[in-house]
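Residue numbers (the working numbering), protein chains in the order written: chain V, 35 to 315; chain C, -5 to 319.
Even glycine gets a Cβ: it sits at the ideal position worked out from N, Cα and C.
To start, the structure itself, in structure tokens.
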């Protein structure tokens, strides 16, 4: 029995991981399909058929400008993933590097790195993102950068805390005794041992990034028309809350399911990647 | 020829209760091929002495003095130079074989890494050498097990692997810090025999740290006894064991269980407990627990008093101590 086979078997028997991955796969599949096909072009206006109820032609109906809601949701999934992946990548690369360097160098380097990250952490992420997009101007690129920057301290702190724990392990002392320098030890011994923690954190930050993008777009600071975004759909639905509440419900459900799915996957991975929990299962 | 010369080595730890002297002016010398045992209880400064020499003290600890290895003072080397000494000229075996190996790398890779690092060997050559080394330390079917992971080995076998790593570059000095403490008694014997055999074959010098007097007696030529960070007695192993002179060493020997002692005989103990490092008196560290202590004992760390050409103890009341022994 290979390690992979047992991991898959355990994954399937882990209910929250199984449900979470199904939701995440749905999100990914929706986004992938939208690249090639949507029922209608997502930005095509059709004013005469505005606010149509769900029908065979428009499964989720149309919005105030006659656009097909199902197509907008599909294109919005693509947008959410784009923002999530890039923002998490920015935070992961920079944050892990900062955290690992802080743990490896100790002393004042660690202090400075961590106090700076505490400082950025002290502001609610969404507030900081609003500030940054207000400063740099609204738009998808700026909102990705803003969300990414505020992912950096999250990863820096998680990395430093786990790396510090690994640095106290005896095999690190053994590696130092074998003549390895701090950089070699960080790359060969510390990072592989904290990889599970970082993967879990990345999944959860992905969910947070999707939420943050929706919030920014809702406020008009994120994705700009004509690009589809779940947050903007919510914003546009707001004025028609009493005439057509379904316009708010569809993107709301899409956001909720995506975030739920990613969080379940993160929780599941935390269990599955922990060898101690794995043995007990 | 002298391989290692430690001169007035001191280590000060910063603790919540102020600076604590973990190692106090320890001096000793080690010739090539010589075997040296360091005995003492937990917190006596045995491991700190070694870590200070290797530049691996924990954060907040400072070392003073000198430790000349092959003529170079290890304490004044920078990190990059130390990295070239560690693992190459000095190999170290630690107490805990269960945690001294990275669980994510195969044992062969962990042995080979040292060779690639210090010898610049290719991956293939270092792998072949790793198999040879694993075979040498008695891992059965080394060629097949080279790609196995640490969790697939028993404690004793893992300790053999860490010994293979320590020996990889053919060091001049092997430091074994309580190498058998975490192992079963039956395995202890095998590991100690293995270390003794390898040291003999390769003409390495050995520093064996232990709190087990039996281990020291059987494996090393010369013995240092440490208490409270200070070297209280040193001499050839046979002399120290035949004529323990410092009151602490005497207490230590009296506290050993003996075969043949009648049932119900209570083990003799040393009164009191080891003081916390920050509380160690400025004079003789043992003064607070010593049956022979007089006020003068607290004045200063006693000088080393020779007992014979190869035996000395730091005690100002040696005359009384030796008389009563």
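- Distance between beta carbons of residue 136/V and residue 144/V, contact taken as under 8 Å: Walking along the first chain from the start, residue 144/V turns up at place 110. Walking along the first chain from the start, residue 136/V turns up at place 102. With a Cβ gap of about 4 Å, residue 144/V and residue 136/V count as contacting.
- Message: At 4 residues or longer, what runs of the alpha helix (DSSP H) sit wholly inside the region 4 to 75 of chain C?
- Response: The qualifying runs are 40 to 47.
- Message: Please identify the residue among 195/V, 114/V, 42/V whose C-alpha is closest to the C-alpha of residue 250/V.
- Response: Counting from one through the first chain, the residue named residue 250/V turns up at place 216. With distances taken between Cα atoms, residue 250/V lies closest to 114/V.
- Item | chain V contacts from the region 88 to 104 of chain C (Cβ-Cβ distance under 7 Å) | Correct list: 88, 90, 93, 94, 95, 96, 98.
- Query: Would you say residue 219/C and residue 240/C are within 8 Å of each other, going by their C-beta atoms?
  - Reply: As a first step, residue 219/C is located in the second chain; it is residue number 225 there, counting from the start. As a first step, residue 240/C is located in the second chain; it is residue number 246 there, counting from the start. Yes, they are a contact pair.
- Query: In chain V, what lies closer than 9 Å to residue 74/C by C-beta?
  - Reply: Position 80 of the second chain holds residue 74/C. Under the 9 Å cutoff, chain V gives 215.
- Could you work out which residue in 203/C, 293/C, 246/C, 313/C is closest to residue 299/C when comparing CA atoms only? Along the second chain, one-based indexing puts residue 299/C at 305. Ranked by how close their Cα comes to the Cα of residue 299/C, the residues 203/C, 293/C, 246/C, 313/C have 313/C in first place.
- Under 8 Å between C-beta atoms of residue 271/C and residue 19/C: Indexing the second chain from 1 puts residue 271/C at position 277. Indexing the second chain from 1 puts residue 19/C at position 25. No, these two residues do not count as a Cβ contact at 8 Å.
- Item | Element boundaries [alpha helix (DSSP H), containing residue 144/V] | Your numbering for residue 144/V matches position 110 in the first chain. Residues 141 to 156.
- Message: So with CB distances below 9 Å, who are the chain V contacts of residue 175/C?
- Response: Here the question's residue 175/C lines up with position 181 in the second chain. Chain V residues near residue 175/C: none, gap ~13 Å exceeds 9 Å.
- Item | Rounded C-alpha distance that separates residue 315/C from residue 282/C | In the second chain, residue 315/C corresponds to position 321, counting from 1. In the second chain, residue 282/C corresponds to position 288, counting from 1. Distance between the alpha carbons of residue 315/C and residue 282/C: 16 Å.
- Chain-ordered chain C contacts of residue 226/V [CB-CB under 9 Å]: Within the first chain, numbered from 1, the residue matching residue 226/V stands at position 192. Simply 96, 98, 99.
- Message: Taking only three categories from DSSP, how would you classify residue 42/V?
- Response: Counting from 1 along the first chain, the entry for residue 42/V is found at position 8. Residue 42/V: helix per DSSP, three-state reduction.
- Message: Taking the straight line between their C-alpha atoms, what separation do you get for residue 225/V and residue 176/V?
- Response: Translated into the one-based positions of the first chain, residue 225/V becomes position 191. Translated into the one-based positions of the first chain, residue 176/V becomes position 142. Whole-angstrom Cα-Cα distance: 30 Å.
- Got a sec? Which residues, its chain only, sit under 8 Å from residue 120/V by beta carbon, not counting five neighbours each side? Locating residue 120/V in the first chain gives position 86, counting from the first residue. Counting only Cβ-Cβ distances below 8 Å, and skipping sequence neighbours, we find 178, 182.
- Message: I'd like to know if residue 208/C contacts chain V, where contact means its C-beta is closer than 8 Å to some C-beta of that chain.
- Response: Position 214 of the second chain holds residue 208/C. Taking Cβ atoms only, chain V never reaches closer than 8 Å to residue 208/C, which makes this a no.
- Task: For chain C, find out if any of its Cβ atoms is closer than 8 Å to the Cβ of residue 138/V; answer yes or no.
- Result: Indexing the first chain from 1 puts residue 138/V at position 104. Residue 138/V does not count as touching chain C.
- Report the neighbours of residue 82/C on chain V: residues whose CB is nearer than 8 Å to its CB, in chain order. Counting from 1 along the second chain, the entry for residue 82/C is found at position 88. Neighbours of residue 82/C on chain V, chain order: 213.
- Query: Would you say residue 50/C faces chain V, with C-beta separation under 8 Å as the test?
  - Reply: As a working note, residue 50/C is residue 56 in the second chain. Closer than 8 Å to some Cβ of chain V, the Cβ of residue 50/C qualifies, so yes.
- Query: Roughly how many whole angstroms lie between the Cα atoms of residue 266/C and residue 285/C?
  - Reply: Taking the second chain and counting its residues from 1, one reaches residue 266/C at position 272. Taking the second chain and counting its residues from 1, one reaches residue 285/C at position 291. Straight through space, the alpha carbons of residue 285/C and residue 266/C are spaced by roughly 11 Å.
- Which same chain residues, not among the five before or five after residue 287/C, have their C-beta less than 7 Å away from its C-beta? Numbered from 1 along the second chain, position 293 holds the residue referred to as residue 287/C. 281.
- Message: Using a Cβ-Cβ cutoff of 7 Å, what residues of the region 138 to 168 of chain V are near chain C? List them in chain order.
- Response: So the list reads 140, given in the order they occur along the chain.
- If you measure beta-carbon to beta-carbon, which residues of the region 155 to 167 of chain C are closer than 9 Å to chain V? Listed by position, the residues of the region 155 to 167 of chain C near chain V (Cβ gap below 9 Å) are 156, 159, 160, 162, 163.
- Message: Residues of chain V with CB closer than 8 Å to the CB of residue 321/C, please, in chain order.
- Response: Any property of residue 321/C remains undetermined from this structure, which presents chain C solely from -5 to 319.
- Task: Taking all protein chains shown into account, decide if residue -3/C is buried (16 or more other Cβ within 10 angstroms of its Cβ) or exposed.
- Result: On the second chain, position 3 is the one that residue -3/C refers to. By the Cβ neighbour-count rule, residue -3/C is buried, with 16 or more other Cβ atoms within 10 Å of its own.
- Enclosing beta strand (DSSP E) for residue 226/V [first to last residue]: Indexing the first chain from 1 puts residue 226/V at position 192. Annotation: residue 226/V is outside any beta strand (DSSP E); the continuous alpha helix (DSSP H) that includes it extends over 225 to 252.
- Task: Measure how close the beta-carbons of residue 101/C and residue 142/C come, nearest whole angstrom, since I'm counting them as under 8 Å.
- Result: Numbered from 1 along the second chain, position 107 holds the residue referred to as residue 101/C. Numbered from 1 along the second chain, position 148 holds the residue referred to as residue 142/C. At roughly 6 Å, the Cβ-Cβ gap stays under 8 Å, so residue 101/C and residue 142/C are in contact.
- Message: I'd like the list of long-range same chain contacts for residue 157/C, defined as Cβ closer than 6 Å, with 5 residues on each side in sequence excluded.
- Response: Start at 1 with the first residue of the second chain, and residue 157/C comes out as number 163. Answer for residue 157/C: 87, 131, listed in chain order.
- Query: Which residue comes first and which comes last in the beta strand (DSSP E) that contains residue 305/C?
  - Reply: Numbered from its first residue, the second chain carries residue 305/C at position 311. Per DSSP, the continuous beta strand (DSSP E) segment holding residue 305/C begins and ends at 305 to 307.
- What does a CB cutoff of less than 7 Å around residue 274/V pick up in its chain, not counting 5 residues either side in sequence? Reading the first chain from its first residue, position 240 is the one you call residue 274/V. Close CB contacts of residue 274/V within its chain, under the 7 Å cut and outside five residues either way in sequence, are with 98, 281 (chain order).
- Message: Please confirm whether residue 205/V has its beta-carbon closer than 8 Å to some beta-carbon of chain C.
- Response: The sequence position of residue 205/V within the first chain is 171, counting from 1. By this cut-off, residue 205/V is an interface position.
- Task: State whether the region 192 to 206 of chain C contacts the region 225 to 240 of chain C, with contact taken as three or more CB pairs (one from each stretch) at a distance under 8 Å.
- Result: No, they do not touch.
- Message: Cβ closer than 9 Å: which chain V residues qualify as neighbours of residue 53/C?
- Response: Walking along the second chain from the start, residue 53/C turns up at place 59. Near residue 53/C (Cβ distances below 9 Å), the residues of chain V are 140, 141.
- Quick one: using the 10 Å Cβ neighbour count with 16 as the cut-off for buried, is residue 285/V buried or exposed? Counted from its first residue, the first chain places residue 285/V at position 251. Using a 10 angstroms sphere on the CB of residue 285/V, the tally of other CB atoms reaches 16 or more, which defines it as buried.
- Which of helix, strand or coil DSSP assigns to residue 250/C: Residue numbering aside, residue 250/C sits at position 256 when the second chain is read from its first letter. Secondary structure of residue 250/C (DSSP, three-state): coil.
- Item | Against chain C: residues of the region 117 to 137 of chain V by CB proximity under 9 Å | Hits within the stretch: zero.
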